[in-house]
Amino acid sequence: MKPIKGEEGFTLIEMLVVLLVISALLLILVPNMTKNTDSAHAKSCEATVKIVQSQVYAYQIDFNELPESIDSLSEYLNLPEGSTDLQCSNGSPLQLDSNGIVRVNP
């Protein structure tokens with residue numbers, strides 16, 4: 013059978029080479045993307061702890077005492093109605109110790 017003029021295509025070898033190159037790129041990119049996500053969650057959690065800690069200080073200034081728990085800060089934190097569970101973006105809840113220090117509960 014004669015090839016029709018203008019109908020050229022890729023050979024199987026060319027297609028395999030393209031798939032190999034794409035696979036190699038994915039092997040390099042996917043681990044880097046997940047590493048960056050973990051780093052972003054950690055930075056976000058640090059920022060959340062700092063914000064909540066500053067609200068503990070504001071509560072202490074207004075009431076001359078430390079809050080009993082994280083839940084008693086809801087008025088300062090502008091949480092939505094019914095939302096009292098503070099947590100980091102990775103799902104770890106925040107705790108308030110007896111000295112008024114906010115920590116992440118692993």
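Residue numbers for the sequence shown follow this note's numbering, beginning at 13 and rising by one.
Where a beta carbon is used, it is the ideal one built from N, C-alpha and C, also for glycine.
task = Measure the alpha-carbon distance for Val33 versus Leu85 and round it to whole angstroms.
result = 54 Å
Between the C-alpha atoms of Ala59 and Leu89, what's the straight-line distance to the nearest angstrom? 14 Å
Next on the checklist: Short of 6 Å in beta carbon distance, which residues of its chain neighbour Gln72, apart from the five on each side in sequence? Order them along the chain.
Outcome noted: Leu78
Exposed or buried, which one is Leu10 when buried takes at least 16 other CB atoms within 10 Å? Nothing in the structure corresponds to residue 10, since the chain is present only between 13 and 118.
Requested in this report: Taking the CB atoms as reference points, tell me whether Val68 and Val30 lie closer together than 8 Å.
Outcome: no
Would the beta-carbon of Pro105 fall within 8 Å of that of Leu98?
yes
Ranges of the beta strand (DSSP E) found wholly within the region 24–109, counting only runs of at least 3:
106–108
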